[in-house]
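Sequential numbering of the sequence shown, starting at 15, is according to the numbering used here.
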Amino acid sequence: RYTPQFGSRSFLPYPHNNPCTKILCCGICIKNTLATVDIFVNKISSCRYICIEEGFGKGVSACYAAISNDTIYIAGGCNFPEAPAAEGGSKRYYKGIFKTAGNSPLKWEKAGELPEPSAYGVNLQCGDKWIIAGGMNSEGALNNVYSIDLTDLTIETLPHLPMYIDNAAGATSGNRIYI
Numbered sequence: 015r016y017t018p019q020f021g022s023r024s025f026l027p028y029p030h031n032n033p034c035t036k037i038l039c040c041g042i043c044i045k046n047t048l049a050t051v052d053i054f055v056n057k058i059s060s061c062r063y064i065c066i067e068e069g070f071g072k073g074v075s076a077c078y079a080a081i082s083n084d085t086i087y088i089a090g091g092c093n094f095p096e097a098p099a100a101e102g103g104s105k106r107y108y109k110g111i112f113k114t115a116g117n118s119p120l121k122w123e124k125a126g127e128l129p130e131p132s133a134y135g136v137n138l139q140c141g142d143k144w145i146i147a148g149g150m151n152s153e154g155a156l157n158n159v160y161s162i163d164l165t166d167l168t169i170e171t172l173p174h175l176p177m178y179i180d181n182a183a184g185a186t187s188g189n190r191i192y193i
């Protein structure tokens with residue numbers, strides 16, 4: 015539990031200026047008052063924790079995430095592993111699905127793969143179903159929709175979206191998905 019000092023430039027209680035520390039996953043849950051925030055941060059400090067897919071250990075953006083039975087899952091995402099975009103680097107998209115290994119939030123293992131590399135899509139969770147819709151990869155925007163069963167990581171292809179989308183938002187209500 016961390017009580018933020020509003021107006022302070024150093025808001026998060028981790029060494030965010032340390033170049034060896036990358037934030038892998040951060041969730042914020044606001045409790046009874048606005049001044050009390052629970053912050054859950056998983057840090058990786060080098061490639062030894064999640065380096066199964068070459069380049070992934072440098073950190074990714076726009077990946078998908080889900081939680082089931084105290085296991086954190088991440089999939090896809092993208093980065094510029096060789097050089098920053100400003101220096102002419104090429105963006106790489108990933109398709110690996112990773113999950114926390116055992117009881118350690120800092121140990122990860124590869125659990126499967128998305129049907130194609132993807133990032134920037136809608137990411138929803140309905141119970142033990144993880145829905146990934148749209149997004150983009152090196153070929154452009156996508157209209158695919160996948161349902162991943164978090165009990166066994168089987169992937170079901172659902173009907174395509176009527177248009178190609180990326181960077182969208184989504185919500186669920188009962189058995190309905192809204193994008």
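From the three backbone atoms N, C-alpha and C, an ideal C-beta is built for every residue, glycine too.
Owing to the predicted nature of the structure, the values given are computational and were not obtained by experimental measurement.
query: Extent of the continuous beta strand (DSSP E) run through Phe112; result: Gly110 to Ala115
query: Own chain, CB closer than 7 Å to Arg62, minus 5 neighbours either side, in chain order; result: At Arg62, the pLDDT of 44 sits below 50, so the modelled position is not reliable; the number obtained from the coordinates is stated separately. Closer than 7 Å at Cβ, skipping near neighbours: no residue.
query: Outcome for Met177 when other beta-carbon atoms lying within 10 angstroms are tallied against a minimum of 16; result: exposed
query: Asn189 versus Glu101 - alpha carbon distance; result: 45 Å
query: Residue interval of the beta strand (DSSP E) (run including Ser82); result: Tyr78 to Ser82
query: N-terminal and C-terminal residue of the beta strand (DSSP E) that Lys186 is part of; result: The sequence given here has Thr at residue 186, not Lys. Note, Thr186: beta strand (DSSP E), Ala185 to Ser187.
query: Buried versus exposed call for Asn83 [16 or more other C-beta atoms within 10 Å across all chains shown]; result: exposed
query: Heavy atom of the ligand MN within 8 Å of Trp122 beta-carbon; result: Ligands are entirely absent from the displayed structure, and the ligand MN is therefore not among its contents.
query: 6 Å Cβ shell around Trp1 - same chain, five flanking residues per side excluded; result: Coverage of the chain is limited to positions 15 through 193, which leaves residue 1 absent and any answer about it impossible.
query: Pairwise C-alpha distance: Arg106 and Pro131; result: 9 Å
query: Same chain only: Cβ atoms within 7 Å of Gly184, ignoring 5 sequence neighbours per side; result: Val136, Leu138, Ala147, Ile191, Tyr192 and Ile193
query: Glu101, DSSP secondary structure in three states; result: helix
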